[in-house]
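Numbering (this note's numbering), first residue to last: 1 to 927.
In this text, a Cβ means the ideal position worked out from N, Cα and C, and glycines have one as well.
These notes concern the structure reproduced below.
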Amino acid sequence: MAWSDVQRPAGLPMVGRLAERAAIGRLLESVRDGFSAVLVLNGDAGVGKSRLLEYAAESAQDLTVVRLVGVEAETRLGYGALHRLLRPCLSRLPTLPKRQRDALSAAFGLTDAPPSDRHLVGLAALTLLSQTAMATPMLCLVDDVQWLDRESAETLAFVGRRLYADCLGLLFAGRGGTGGLEVFGDLPALRLDGLPAAEATALLTAGVSGHLARTVAERLVTGTGGNPLALLELAVTLDSEQLGGVAPLPEPLPVNRQLENHFQEKAALLPADTRTLLLLMAMTPTDDQAARWRAAGALGLSVRAAAPAVAAGILHRGTTADFRHPLIRSAIHSAASAAERRRVQAALAATSAPERRAWHLAEATDGPDSDFATELEAASELAQARGGYSEQALVLTRAAEMTVQPGRRSERCPDAAAAHLASRDLPKLLTLLELATPDLTGPAARARATRLRASVETFCGRHRDVPAVLLGAAAELGSTDPRASWDLLRDAVKAAVIGGPVITGASVSEVAGAAADAWHEVSLSGGPDQLMAALSQSIAHGYTEGAPALAAALARLRAADELHGQDLFSVMISLAGDELWDIEATREILARLVAADRERGALHSLSLALLAFAKVEIWNGRFAAAESCYVESDRCMAAAGGFRPGDFHKVLLYAWTGREAELRAAVAAMRAMSEGQGIGVMDRRAGQALSIFEIGRGHYREALDAQLAMFVDNPAVLGDINLAGMVEAGLRSGDRAAAAMAMERLEERAPLAGTPWALGLLARCRALMTDDDAAERLYEESVAQLEKVPVAVELAWSRLLFGEWLRRRRRRADARVQLRAAFESFEAWGATAFAKRARVELLATGETARKRRADTQLDLTPQEHHVASLAASGLTNAEIAGQLFVTISTIEFHLSRVFRKLGITSRKQIGARLPESDRFGRLAELR
1 MAWSDVQRPA GLPMVGRLAE RAAIGRLLES VRDGFSAVLV LNGDAGVGKS RLLEYAAESA
61 QDLTVVRLVG VEAETRLGYG ALHRLLRPCL SRLPTLPKRQ RDALSAAFGL TDAPPSDRHL
121 VGLAALTLLS QTAMATPMLC LVDDVQWLDR ESAETLAFVG RRLYADCLGL LFAGRGGTGG
181 LEVFGDLPAL RLDGLPAAEA TALLTAGVSG HLARTVAERL VTGTGGNPLA LLELAVTLDS
241 EQLGGVAPLP EPLPVNRQLE NHFQEKAALL PADTRTLLLL MAMTPTDDQA ARWRAAGALG
301 LSVRAAAPAV AAGILHRGTT ADFRHPLIRS AIHSAASAAE RRRVQAALAA TSAPERRAWH
361 LAEATDGPDS DFATELEAAS ELAQARGGYS EQALVLTRAA EMTVQPGRRS ERCPDAAAAH
421 LASRDLPKLL TLLELATPDL TGPAARARAT RLRASVETFC GRHRDVPAVL LGAAAELGST
481 DPRASWDLLR DAVKAAVIGG PVITGASVSE VAGAAADAWH EVSLSGGPDQ LMAALSQSIA
541 HGYTEGAPAL AAALARLRAA DELHGQDLFS VMISLAGDEL WDIEATREIL ARLVAADRER
601 GALHSLSLAL LAFAKVEIWN GRFAAAESCY VESDRCMAAA GGFRPGDFHK VLLYAWTGRE
661 AELRAAVAAM RAMSEGQGIG VMDRRAGQAL SIFEIGRGHY REALDAQLAM FVDNPAVLGD
721 INLAGMVEAG LRSGDRAAAA MAMERLEERA PLAGTPWALG LLARCRALMT DDDAAERLYE
781 ESVAQLEKVP VAVELAWSRL LFGEWLRRRR RRADARVQLR AAFESFEAWG ATAFAKRARV
841 ELLATGETAR KRRADTQLDL TPQEHHVASL AASGLTNAEI AGQLFVTIST IEFHLSRVFR
901 KLGITSRKQI GARLPESDRF GRLAELR
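Put into structure tokens, the structure is as follows:
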């Protein structure tokens, strides 16, 4: 069964391609078994990709087969190809969850809903295809993916990355070297080259009706590189004398570019009306016959014009005429003159819907035309309303090209570049800005272009030069536009905080000082602005002024009705929370931000927010929950097609759990990133993790060395949270001067922060620095303060130190209480070094410490554990699927394995089998 009515000719028997056919067979078997599979075929024109898609269709008689072919002329229509693919199953649209339904409806222009993140559109497409495939297993065949519009290509690649147990197979085919395969780059792929000599000879022989000389066959196979389409074309176009070796062969043989020329030469012999019809067909999709024939009527063409092309082998016979091979479509399109294309575009404009009309009119126009440019700008707003940002960028670029006035053109180019940034098409953004540079005559235009370039650098993780560049742009803009100046300075501070001491051209303090002086000149729009202003104050003017500002900013964020931020907003929240030791505000704000990012489908932002929330979970001793956050973050980044550099982000977890090999590998990677990409904050995180790891195993000098670099490099953020460790490491390594330096800063800042975490650490460190019995009261105060907030590892740490102090005072019974609580906590979490340290102390009091028994939950994979944790928190399968950007059938599959491994029969039993610390209760209750 097929949704498309395209008829395919019964060609010659397939020759060779055994490995490729086996791969397709495995894909189909996976679909039949209830799972999913994806494969990308890439290779040169004519190498056999389309034939393999036909083979897949022939082998999938028991499946629903869906076909889609990319059309070069439609690459500018955002979500156009996706709409063609999903059109037959849009009747299921009302069954989707509301946010998915709204996202897909907006993308297709079916409603006036605001555009959603492209990944939410991807989830909607995934759900729609999965629902359809669950009724009848499905195979989607997508040819010429290099001609898909960017939004459709990204959505289909997203679907391919998220499939698991959905009875759905995706088989893509595209031409290598065109650049259109980049979004599919991380999917399983096979590269197709020419057939081996024996198989190529067999194919050629099968296509020749008369005598074929052996030497001629060898020459043709060698000259075409075994390209199947070239061989078959030669088999029918060469005469008997050439095939028999009597007459010379043509030079050059039609292969690759020559093969396209060959089809163009064949088409050039056809009547004028037929050539025009072929061009119209090349510029319209096969499955939009109504639009095609409306335009044909405007051109004065009838269906009879197709007959000569069918006779010439350009089109195949069938109920709907179509090109015999996708390469012919491209050849016809590329051979047409500009005047011929404009004529067809004019006909399409006269018969198209409003959102397409403007573009067709612009393409039909020769030279600048301000009226059409204005109409294009209006059309770009329609594209933006659907979330078609690449379409919006292309339309605005064309509008800029058609604009006569340089000033107006200088406004439209940055608008187009901003749309390219939204679609993550960074190379095109930079190219456009380079082309627009001569028109950027005013400081406002130059500042906007600078900010866009800086956004590219920041998105790619290159922060070293960004702060100074933005600082210079803000200085040039001056007081003419305070809001624009603040935006530049806010981004500069963000990059400076991330870059730290490795930034060039300006110091962190200089950047923060400029922002701190400027923020009061504008009306700050909300939480993100206020947070960055407060961070700037803290860095530039010191903790005494900065702490109240940070506290006020976090309080405002907690009270906000909605939270919306940029990609690094969660990172800034985490840093601000660390500066104040305010775990409660950090936890609440990040949990809401995670929920908001999920709701919007903002996967890149969500992945960063989950990394920040994982750190919150670690401080509360919920290591398994943190691991689940890391798993989800990785999956979000993978689904978004983003940068996945490795597991360095787990460095704090590695430190607490004593996984030395992974820790040191992560530290090495982080330091390389700090040096190579200018991400100085990596050094700080690495130092923090190393110090915790070394303190846990009693290597205090090494711990202190890791701390000192962070301490000296103040006022950059992320140093304060390490002060308590520095006090302990300094004292126990014999460097009391270092301990005193850290203590002095902690005495100054902890009371200003005033949070239970800060006051608990202050009391602990005062106890460490005290030689008399007053330490007991201070340790009790530390425990009492830390019990108020979710920082279980700090509480256990204070109990450990308190117990050690009591044992040295020979108060063994009292020491056991504290040490037992510390040991049981560290052991339950898997904090091996600290657990060993507590166990040794506990044994010294005369008590036996039992080691933790293995639990069946350890048999779960990270993904299964994540799903189980969410189910234990009370989420339904549909809610879990929406949260993890997968399908309900995938969640059901994972839960079935969880049930089997845990020996349970109901989701209600999951909670009893997972330790409390492993559940997602806190994040679920804050959703």
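Comparing alpha carbon positions, the residue from R150, R162, D193 closest to E182 is R150. Between F899 and C636, the gap from beta carbon to beta carbon reaches 8 Å or more. Of the other Cβ atoms in all chains shown, fewer than 16 fall within 10 Å of the Cβ of V712; this residue is therefore exposed. The alpha-carbon separation between A555 and T861 amounts to approximately 38 Å. Taken through DSSP and simplified to helix, strand or coil, V727 comes out as helix. Leaving aside the five residues that flank H83 on each side, the residues in its chain whose CB is nearer than 6 Å to its CB run, in chain order, F108.
Between the alpha carbons of R812 and P756 lies a distance of about 28 Å. Distance from the CA atom of A709 to the CA atom of A784, rounded to whole angstroms, is 31 Å. Annotation: D288 is outside any alpha helix (DSSP H) and is labelled neither H nor E by DSSP. Annotation: A753 to G546 spans about 10 Å, alpha carbon to alpha carbon. Taking a cut-off of 8 Å on C-beta distances, the segment 37-57 does not touch the segment 75-92, as fewer than three cross pairs fall below it. Taken atom to atom, the span from the alpha-carbon of W581 to that of A758 is near 5 Å. Contact between A230 and T224 holds: CB atoms are separated by about 4 Å, below the 8 Å threshold.
The beta carbon of V456 sits closer than 8 Å to the beta carbons of L421, L426, L429, L430 from its chain, once the five residues preceding and following it are set aside; these are given in chain order. Within the segment 344-369, the runs of alpha helix (DSSP H) at least 4 residues long that lie entirely inside it are, in chain order, 354-364. With at least 16 other beta carbons inside 10 angstroms of its own, T201 counts as buried. Here C167 is buried. Its C-beta has 16 or more other C-beta atoms within 10 Å. Annotation: T75 to G194 spans about 28 Å, alpha carbon to alpha carbon.
In the DSSP annotation of this structure, the continuous segment of the alpha helix (DSSP H) that includes S538 starts and ends at 527-541. The beta carbon of A739 sits closer than 6 Å to those of V727, G730, L731, all from its chain and outside the five residues before and after it, given in chain order. In the three-state scheme derived from DSSP, where H, G and I count as helix and E and B as strand, G16 is classed as coil.
A residue is called buried when at least 16 other Cβ atoms come within 10 angstroms of its Cβ; K494 meets this threshold and is buried. Within the same chain, L279 come within 6 Å of A336 by CB-CB distance, once the 5 residues on both sides are set aside. Counting only runs of 4 or more residues that sit fully inside the segment 684-767, the alpha helix (DSSP H) segments are 700-712, 723-732, 736-753, in chain order.
Inter-residue distance for A533 and A496 is about 13 Å (C-alpha atoms, whole angstroms). Beta-bridge partners assigned by DSSP to N261: none are found. Shortest Cα-Cα distance from Q242 to any of Q264, V208, N227, H262 involves V208.
Rounded to the nearest angstrom, the Cβ distance from L348 to A295 is 5 Å, consistent with a contact under 8 Å.
In this structure, A591 sits away from L550, with a CB-CB distance that is not shorter than 8 Å.
Nearest Cα to L129 within the set D102, P188, D144, S91: S91. For T450, the enclosing alpha helix (DSSP H) stretches over residues 443-459.
Look at S337 here: in three-state DSSP terms it is coil, with no helix or strand label. The residue among Q863, A444, F613 with its C-alpha nearest the C-alpha of P790 is F613.
Within the same chain, A775, L778, Y779 come within 6 Å of A767 by CB-CB distance, once the 5 residues on both sides are set aside.
The alpha carbon of W486 has as its nearest neighbour, out of G499, G122, L471, L163, the alpha carbon of L471. Spatial neighbours of L800 in its own chain (CB-CB distance under 6 Å, excluding positions within 5 residues in sequence) are listed in chain order as A822, A838.
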